[in-house]
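J.: Quick one: this structure, given as structure tokens, is what I'll be asking you about.
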Amino acid sequence: MLIDSRRLAAAVAIGAAASFLLFGYEAVRSASTSLVVAHYGAESLPWVMALSPVSTGFMLYGYGRLLTWLGAKRTLAASSLVSAAVLTLCWAALPFAGGPASALLYILREGYIVLIIEQYWSFINSTLKPVEAKRVNGPICGLASVGAILGGLTVGRLAPAIGTEPLVLLTAGAMLPATALGLLAYHLAGTPRGEQDEKSATSSTLALDLFHRHRVLVHLGLLILLTQTVSTVLDLCFNGFLAEAVPNRDERTAYLGDFYALLNGGAFLMQFVVTPLLLRYVSLRLIHMGIPLLHAVAAIVVLLEPSLTVAAGAYLAFKAVDYSLFRGAKELLYMPLPYDARYRAKEVIDAFGYRASKGVTSGLIGAAGWLAGPLPGVLYPVVALLAALGWYGVAHRISEERTGVFL
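Using this note's numbering, you'd call the opening residue of the sequence shown number 12 and step up by one each time.
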């Protein structure tokens, strides 16, 4: 089946926008993590992560108001440019308020990236047809990963030469071409499906009422909470081993840059080869139920062979699948839903829910460490294993409710 040329061009443009966005994100992700560890130690990461849902919640509310006032296209431009400005202000504060500015940078980086990337996917879900999305969702992720790979490699080369702090400006600068390409995508595709209908209806800022009318949204929320619990504990496990093995700040930043470049390289291969094939020839039911079983096995391996290499491998496997197959399969579940579900409820789930799960999990781990002292390393893979099994159960429930979509 051929895809309409303008819709295809719009999908390529939004993929290119995501490429610039993720190029910049790789810089601020590595820089902010390394700066927080340098100022407060690796043991502070759970506490800093726990604050991310607060900032994401404020951003999400502001996004909802902007969407009502400005519409999808101008909201994307406004949220992108404001993010660039705030990142620049954080960079300017680093010389005289290094610790607090680093923590704020970490918290903000957690919010802006999900808020904007989910707007890209809302656009895709409102532009393509499901049969088209099965063919191009993987390559769109792959195009985005080109920027992520280049960003990771750039960080790995620049950090030892210029230091960690200047990388934040790289992130802010990358937002400008990302914004321009996002606007181009909207110009090519036109008004998102259903936007005009929703403007004439009364809808809340975050469309929370839709969770009562569309039960699949509730289960998607649970799915995200569990997937990000797995992600968070594997992240903390990996960074704990890394802080011990590479104590120097700039060397650690360079290691993270190379690690994320490798991660995104693996995701890139999956996006262009594995994901399109599986989405076309394997049922969504098997895909959604098979992914958590893969991560359960990875958690067991970390439990049996705890080391930096194994922990890095488990975290890399999670993120590579998350950025490719899981992303492509999950987005298909939103496509039959109304505009507000795709643009508002989706942000509640995939932006706030994504960070809330990470924040709550990190906060609980931080509190447990504060009350009981240093936590045993075995805790992280055990929590990952339990969350992966819960994820499997929720995926099974969704497959029973969305039979038509899972065919």
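All C-beta atoms in this analysis are idealised placements derived from N, C-alpha and C, irrespective of residue type, glycine included.
It should be emphasised that the depicted structure is a prediction, and the values quoted were computed from it without experimental measurement.
Judging by CA-CA distance, which residue of V147, F107, V97 is the nearest neighbour of Y123?
T.: Nearest option by C-alpha distance: V97.
J.: Can you tell which of A20, L237, M70, V166 has the C-alpha that lies nearest to the C-alpha of G404?
T.: Checked all of A20, L237, M70, V166; the closest Cα to G404 is L237.
J.: Is the beta carbon of A309 closer than 8 angstroms to that of A328?
T.: In this structure, A309 lies closer than 8 angstroms to A328 by Cβ.
J.: Using a Cβ-Cβ cut-off of 6 angstroms (strictly less than) and excluding sequence neighbours within five positions of L192, which residues of its own chain qualify?
T.: Here the set comprises A24, A27, A28.
J.: Taking contact to mean 3 or more Cβ pairs, one atom from each stretch, closer than 8 angstroms, check whether the region 13-21 and the region 79-87 are in contact.
T.: Output reads no: the region 79-87 does not touch the region 13-21.
J.: If you measure between the beta carbons of I128 and S63, is that distance less than 8 angstroms?
T.: No.
J.: Could you name the residues of the same chain whose beta carbon sits closer than 7 angstroms to that of Y354, not counting the 5 residues immediately before and after it, in chain order?
T.: Closer than 7 angstroms at Cβ, skipping near neighbours: L78, A83, S133.
J.: Short of 6 angstroms in beta carbon distance, which residues of its chain neighbour A395, apart from the five on each side in sequence? Order them along the chain.
T.: V241, V244, L245, A310.
J.: Just to confirm, are E176 and L115 a CB contact at a threshold of 8 angstroms?
T.: Not in contact: E176 and L115 (Cβ atoms no closer than 8 angstroms).
J.: Could you pull out every residue in the same chain whose Cβ sits closer than 6 angstroms to the Cβ of E143, ignoring the five residues on either side in sequence?
T.: Contacts found: I14.
J.: I need the straight-line Cα distance from S211 to G205, nearest angstrom please.
T.: Below a pLDDT of 50, predicted positions are generally treated as unreliable, and S211, at 45, falls in that range; the measurement from the model is reported next regardless. So the two alpha carbons sit approximately 10 angstroms from each other.
J.: Should K357 be labelled buried (16 or more other beta-carbon atoms within 10 Å of its own) or exposed?
T.: The residue in question, K357, is buried, as its Cβ has 16 or more Cβ neighbours within 10 Å.
J.: Using CA atoms only, rank isn't needed, just tell me which of L273, T182, L194 is closest to Y131.
T.: Y131 has its Cα closest to that of L194, out of L273, T182, L194.
J.: Under 8 angstroms Cβ to Cβ from F283, same chain only, skipping five residues before and after it: list those, please.
T.: Excluding residues within five positions, the ones whose Cβ falls inside 8 angstroms are G149, P150, G153.
J.: Report the three-state DSSP secondary structure of S373 (helix, strand or coil).
T.: S373 falls in the helix class under three-state DSSP.
J.: Can you tell which of V332, V293, L56, G35 has its C-alpha closest to the C-alpha of G374?
T.: Answer by Cα proximity: L56.
J.: Using a threshold of 8 angstroms, state whether the C-beta atoms of F34 and A185 are closer than that.
T.: Taking 8 angstroms as the Cβ cut-off, F34 and A185 qualify as a contacting pair.
J.: Check whether the region 281-301 and the region 161-171 touch, using three or more Cβ-Cβ pairs below 8 angstroms as the test.
T.: Too few Cβ pairs lie closer than 8 angstroms, so no.
J.: According to DSSP, is P449 part of a helix, a strand, or is it coil?
T.: Nothing about residue 449 can be reported from this structure: the residues present for the chain run from 12 to 418 only.
J.: For S113 versus T264, is the C-beta spacing smaller than 8 angstroms?
T.: Cβ distance not < 8 angstroms, so S113 and T264 don't count as in contact.
J.: Less than 8 angstroms between the CB atoms is what I'm expecting for S41 and L267, so what's the real figure, rounded?
T.: With a Cβ gap of about 4 angstroms, S41 and L267 count as contacting.
J.: Measure the C-alpha to C-alpha separation of E342 and F107 and round it to an integer number of angstroms.
T.: If you take the alpha carbons of E342 and F107, they lie about 43 angstroms apart.
J.: When DSSP labels each residue in this structure, what does M346 get in the three-state scheme?
T.: It is coil, neither helix nor strand.
J.: Check whether the Cβ atoms of R344 and V229 sit closer than 8 angstroms, and answer yes or no.
T.: Inspection of the sequence shows that residue 344 is occupied by Leu rather than by Arg. Taking 8 angstroms as the Cβ cut-off, L344 and V229 do not qualify as a contacting pair.
J.: Can you tell me which of the three DSSP states L233 falls into?
T.: The answer is helix: DSSP assigns L233 an H, G or I state.
J.: Could you say which of L305, L348, P287, E316 lies nearest to L221 if we only look at CA atoms?
T.: Cα-wise, what sits closest to L221 is L348.
J.: Leaving out the 5 sequence neighbours to the left and right, which residues in its chain are closer than 6 angstroms to F421 when beta-carbon positions are compared?
T.: The requested residue 421 does not occur in the structure, where the chain is confined to residues 12 to 418.
J.: Check whether the Cβ of S113 sits closer than 7 angstroms to any heavy atom of the ligand ADP, and report yes or no.
T.: This structure simply doesn't include the ligand ADP, nor any ligand for that matter.
J.: Assuming A218 contacts D361 (C-beta within less than 8 angstroms), just tell me the rounded distance between them.
T.: Not confirmed; about 13 angstroms, so no contact.
J.: Counting along the chain, where does the alpha helix (DSSP H) carrying A38 start and finish?
T.: From DSSP, the alpha helix (DSSP H) with A38 extends over 16-51.
J.: Tell me the rounded alpha-carbon separation between I235 and T286.
T.: The straight-line gap from Cα to Cα measures roughly 20 angstroms.
J.: Cutting at 7 angstroms between CB atoms, please list the residues of its own chain near Y51, excluding the five before and the five after it.
T.: Around Y51: G110.
J.: Hey, P203 and S137 are a contact pair by Cβ (cut 8 angstroms); roughly how many whole angstroms apart?
T.: Rounded, the Cβ-Cβ distance is 4 angstroms, consistent with contact.
J.: What does a CB cutoff of less than 6 angstroms around G58 pick up in its chain, not counting 5 residues either side in sequence?
T.: Contrary to the premise, residue 58 reads as Trp rather than Gly in this sequence. Excluding residues within five positions, the ones whose Cβ falls inside 6 angstroms are G377.
J.: In its own chain, which residues sit with a C-beta less than 7 angstroms from the C-beta of L181, not counting the 5 before and 5 after it?
T.: Only G35, A38 meet the Cβ criterion.
J.: Determine the DSSP secondary structure at A406, reduced to helix, strand or coil.
T.: Helix at A406.
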